[in-house]
């Protein structure tokens, strides 16, 4: 993969890996914001807000860890879908339309990371094979 694309891939990987983990952890502490204010009234009528936010936090942490692992592509697709879900939740609040728009743009970024990961994986596999063919054969004597 072209080094410029590789640098972009790493920037996206770190952003979509670290940010969900930080946001997920903060669902337990509410230091960055009061997350419950963003919860749809539809959801809060069915599930206690704090319980829901703790579940959201666990999912976000897991998705971020997937992005940072060797399963970047899978994690990025999950983060992308998750961000679309968050945007839909925000739209049902009747406010926070600006944040919903931002989350949709971030979903496109996470989708881009997933697609770049699909291109990058075969390139990495080809590099590994080339390196193996260039290694001198070992004697088993």
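Numbering (my numbering), first residue to last: 43 to 183.
Note that beta-carbon positions come from the ideal geometry of N, C-alpha and C, so glycine has one too.
Please read these numbers as outputs of a predicted model, since none were measured by experiment.
Any idea what DSSP makes of residue i, helix, strand or coil?
| i | result |
| --- | --- |
| residue 153 | helix |
| residue 145 | helix |
| residue 76 | coil |
| residue 9 | There is no way to answer for residue 9, as the model of the chain reaches only from 43 to 183. |
| residue 111 | coil |
| residue 139 | helix |
| residue 162 | helix |
Taking the beta carbon of residue i as the centre, do at least 16 other beta carbons fall within 10 Å, making it buried, or is it exposed?
| i | result |
| --- | --- |
| residue 147 | exposed |
| residue 58 | buried |
| residue 77 | buried |
| residue 93 | exposed |
| residue 122 | buried |
| residue 161 | exposed |
| residue 137 | exposed |
Using a Cβ-Cβ cut-off of 8 Å (strictly less than) and excluding sequence neighbours within five positions of residue i, which residues of its own chain qualify?
| i | result |
| --- | --- |
| residue 61 | 106 |
| residue 111 | 117 |
| residue 102 | 62, 63, 65, 66, 69, 124 |
| residue 98 | 66, 69, 77 |
Whose C-beta lies closer than 6 Å to the C-beta of residue i among residues of the same chain, with five residues either side of it excluded?
| i | result |
| --- | --- |
| residue 134 | 82, 84 |
| residue 145 | 125, 128, 129 |
| residue 119 | 156 |
| residue 91 | 78, 81 |
| residue 142 | 129, 132, 133 |
Taking residue i as part of the alpha helix (DSSP H), name the residues at either end of that continuous run.
| i | result |
| --- | --- |
| residue 90 | No alpha helix (DSSP H) contains residue 90, which DSSP labels as neither H nor E. |
| residue 52 | 45-68 |
| residue 133 | 114-133 |
Residues in the same chain with beta-carbon distance under 7 Å from residue i, minus the five sequence neighbours each way, listed in chain order, please.
| i | result |
| --- | --- |
| residue 47 | 158 |
At a Cβ threshold of 8 Å, is residue i touching chain D?
| i | result |
| --- | --- |
| residue 147 | Checking the listed chains, one finds no chain D in this structure; it contains a single protein chain. |
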